[in-house]
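Following: one structure in C-alpha cells, then a few remarks.
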Amino acid sequence: MATTPKAYSALLAFTLGTMVRRRFSPSWARADVIRCVADLRIKLDEQADELNPRLTENLIHFLLSEGPLENPPDISENQEEIAGIQQILLFLLIDEAGLDDAGVGELIDEAAGTTRNVDWSSAIFPRATD
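Per the working numbering, the sequence shown starts with residue 13, numbered consecutively.
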C-alpha cells in the first residue's frame, strides 16, 4: 500500500490492533473490555468524555475478533471521533504497557509488517462526509 491517507489510517489501525491483542488474553470476555474502557476513562479524568465507551468497546471487540476487513464495527458515527478514539486508545495502551521509544518502534514495525500481508482489495475505507 502506497503512502497515502489510507496507508496512515491502516498503520494506525494495525498498531492499535496489535496493542489491543497484547492487552487482552486470548480468552477475553466482554466484561474484560468493559472494565478496561472504564479504567482508561478514569485515567483520562476530566477528558473522559473524549473516549466514548460504546464506540471504544465496539472498536476493541472488532480488533479482537477474527472478522474480515469487509465487516468493520458499527462505527458509522463521525469519522473524526473514531480517529480520535483510536489515537487516545493507542496512547493509553502504550502508556499502560510502559513502552519506551524502542518498544514503540518495535510496535510500529510489527504493525507495518502486518499491513504488508493484507489483501487490501476487500478492505472498506469510510468515505469522508461533509
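The beta carbon of each residue, even a glycine, is placed where N, CA and C say it ideally should be.
Just so it is clear, the structure is predicted and the values come from calculations on it, not from any experiment.
Just how far apart, CA to CA, sit residue 31 and residue 106? Put simply, the backbone Cα of residue 31 is about 7 Å away from that of residue 106.
Sort 65, 118 and 121 by Cα distance to residue 43 and report the nearest one. Among 65, 118 and 121, the Cα nearest to that of residue 43 is on 65.
Check for me: the alpha helix (DSSP H) holding residue 103 runs from which residue to which? The continuous alpha helix (DSSP H) containing residue 103 extends over residues 91-109.
Three CB pairs or more closer than 8 Å across the region 113-127 and the region 23-41: A contact exists between the region 113-127 and the region 23-41.
With a threshold of 8 Å on Cβ separation, who are the neighbours of residue 109 within its own chain once the five nearest residues in sequence on each side are excluded? Closer than 8 Å at the Cβ level, and outside the excluded window around residue 109, lie 31, 34, 35 and 115.
Exposure of residue 56, with buried meaning 16 or more beta-carbon neighbours within 10 Å: By the neighbour-count definition (other C-beta atoms within 10 Å, threshold 16), residue 56 is an exposed residue.
Taking its Cβ as the centre, do 16 or more other Cβ atoms sit within 10 Å of residue 47, making it buried, or is it exposed? Burial call: exposed.
Considering just the uninterrupted stretch of the alpha helix (DSSP H) at residue 74, what are its terminal residues? Boundaries of the alpha helix (DSSP H) harbouring residue 74: 65-76, taken from the DSSP string.
Near residue 45, which residues of its chain fall below 8 Å by C-beta distance, leaving aside the five closest residues on each side in sequence? These residues qualify, in order along the chain: 36, 69, 72, 73 and 76.
Is residue 52 near residue 104, with beta carbons less than 8 Å apart? Against a cut-off of 8 Å, the Cβ pair of residue 104 and residue 52 comes out as a contact.
Rank 101, 112 and 119 by C-alpha distance to the C-alpha of residue 50 and give the top, closest one. Of the candidates 101, 112 and 119, the one whose C-alpha sits nearest the C-alpha of residue 50 is 101.
Three-state secondary structure assigned by DSSP to residue 57: DSSP, read as helix, strand or coil, puts residue 57 in helix.
Whole angstroms are fine: how far does the CA of residue 19 sit from the CA of residue 128? Answer to the nearest angstrom: the Cα atoms are 10 Å apart.
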